[in-house]
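The numbering of the sequence shown is the numbering used here, which starts it at 19 and goes up by one. Virtual Cβ for every residue (Gly too), placed ideally from N, Cα, C. Computed from a predicted model, the values in this text were never measured in an experiment.
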Amino acid sequence: MDFNNQIHGAINIFGLQFLITDTIVSTWIIGGVLVVFALIVRIKSRKFTEVPKGFQNVVEMLVEAFENYLHTTAGGKLMFLGNWFFTLFVFILLANISGMFGLRPPTADWSMTVALAIVTFLLIQIIGLKFRGGAYLADMIKPYYLSWLFLPINLIGEIARPISLSFRLFGNILAGTVMMTLIYSLMPWFFQIGFPAFMHGYFDLFAGVLQTYIFVTLSLSFIKGAAALDESPTG
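Written out as structure tokens, the structure reads:
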């Protein structure tokens with residue numbers, strides 16, 4: 019296991035060179051797993067019955083659990099974002115725990131986490147304008163008589179959101195990757211029989227699930243705040 023982002027080759031597209039790194043390879047593998055799983059669900063969904071059982075029961079349980087989480091966190095008016103955030107949740111979760119399967123976690127690369135955070139930043143602006151229109155932009159310069167002072171501060175605050183989101187996820191996952199690399203590199207062979215499995219459980223599984231939950235929950239909270247939705251969880 020190595021925390022360095024190794025380069026395995028390059029692809030030239032229209033004169034631009036794109037490096038194939040460990041992050042890219044891991045992302046392709048995770049994307050392939052998600053596509054295969056989606057196809058399996060799609061094929062099996064044709065045989066779903068009114069009384070769920072087996073695989074259908076698992077799928078419906080996962081979907082219902084996420085819908086309840088989304089409704090509690092963001093409110094009923096933002097349920098249309100469920101498809102994106104469910105995909106985001108599953109992708110980040112698999113990326114975070116991929117170190118358990120010998121891959122370099124894509125989320126241990128800041129270019130990946132900042133790209134995901136930028137999408138959240140764009141959704142914040144779009145949803146804010148969708149629900150509040152000009153009033154959302156007007157909040158940037160309130161109070162108006164001090165707009166020259168508060169506009170730069172508010173803009174910095176908006177830009178800080180995706181940066182903080184990306185660094186929180188990136189920092190925690192990279193730290194876990196570094197720790198596991200050190201464990202495999204520095205510990206004697208007889209400690210590598212069972213001890214690394216326990217540490218994977220903490221640095222990859224526990225931290226991976228926790229950081230996935232934090233990233234998605236903060237993203238939804240920021241979006242809800244931009245839309246100024248004051249719904250109760252049951253509203």
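Exercise. Which stretch, first to last residue, makes up the alpha helix (DSSP H) that contains residue 49?
Worked result: 40-63
Exercise. How about residue 188 and residue 244: are their beta carbons less than 8 Å apart?
Worked result: no
Exercise. Residue 30 bridges to which residues according to DSSP?
Worked result: 35
Problem set entry | Inter-residue CB distance, residue 48 and residue 113 (contact presumed, cutoff 8 Å) | 6 Å
For this session: Decide if the region 98-107 is in contact with the region 230-237; the criterion is three or more beta carbon pairs, one per stretch, under 8 Å apart.
Result: yes
For this session: Would you check whether the ligand NAP has a heavy atom nearer than 7 Å to the C-beta of residue 221?
Result: This structure simply doesn't include the ligand NAP, nor any ligand for that matter.
Exercise. Is there contact between the region 233-243 and the region 137-144, where contact requires at least three CB pairs shorter than 8 Å?
Worked result: yes
For this session: Mind checking which residues open and close the alpha helix (DSSP H) that includes residue 238?
Result: 225-245
Problem set entry | Close beta carbons around residue 226, own chain, < 6 Å, minus the five adjacent residues each side | 114, 115
Exercise. What's the gap between the Cα of residue 63 and the Cα of residue 103?
Worked result: 21 Å
Problem set entry | Among 181, 99, 195, the one whose alpha carbon lies nearest that of residue 124 | 195
Exercise. Nearest-angstrom Cα distance between residue 203 and residue 172?
Worked result: 46 Å
Problem set entry | Per DSSP, cross-strand counterpart(s) of residue 25 | 39
Exercise. Do you know how far the Cα of residue 101 is from the Cα of residue 176?
Worked result: 25 Å
Exercise. Would a C-beta distance cut-off of 8 Å place residue 217 and residue 201 closer than the cut-off?
Worked result: yes
For this session: Would you tell me roughly how many angstroms separate the C-alpha atoms of residue 253 and residue 92, rounded to the nearest one?
Result: For residue 253, the predicted structure reports a pLDDT of 39, less than 50, and the residue's modelled location is therefore unreliable. A value from the coordinates is still provided. Using only the alpha carbons, I get a separation of about 11 Å.
Exercise. Quick one: what's got a C-beta closer than 6 Å to residue 26's C-beta in the same chain, skipping five residues either side?
Worked result: 38
Exercise. If we call anything under 8 Å between Cβ atoms a contact, is residue 222 one with residue 122?
Worked result: no
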